[in-house]
Amino acid sequence: MIKLVELFCDVDDFCKVFIPQWKKQLLEDGTQKRQRAGRMTTSEIMTIVISFHMSH
Numbered sequence: 000m001i002k003l004v005e006l007f008c009d010v011d012d013f014c015k016v017f018i019p020q021w022k023k024q025l026l027e028d029g030t031q032k033r034q035r036a037g038r039m040t041t042s043e044i045m046t047i048v049i050s051f052h053m054s055h
């Protein structure tokens, strides 16, 4: 099984490339959205989800 730190590094590298490209493609509906940072990064959340799915 892949180590958690290695998994996080791979996911974080992916997010650094994917998220800016994804945000460029989003359509806006004209309303203002809050851009408040969450407590956990997208990479951390994705790592937890991937790790959970790999354990089953």
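Take 0 as the starting number for the sequence shown in numbering that gives the first Met the number 0 and just add one per residue.
Ideal placement from N, C-alpha and C gives every residue a C-beta, glycine not left out.
| Asked | Found |
| --- | --- |
| Considering just the uninterrupted stretch of the alpha helix (DSSP H) at residue 53, what are its terminal residues? | 41-53 |
| Would the segment 32-46 count as touching the segment 11-18 if we require 3 or more Cβ pairs under 8 Å? | yes |
| Between residue 24 and the ligand ADP, is the CB less than 6 Å from at least one heavy atom? | Of ligands this structure carries none, so the ligand ADP is not represented either. |
| Where does residue 7 land, buried or exposed, given buried means 16+ other C-beta within 10 angstroms? | buried |
| Whole-angstrom Cβ separation of residue 3 and residue 50, contact assumed at under 8 Å? | 6 Å |
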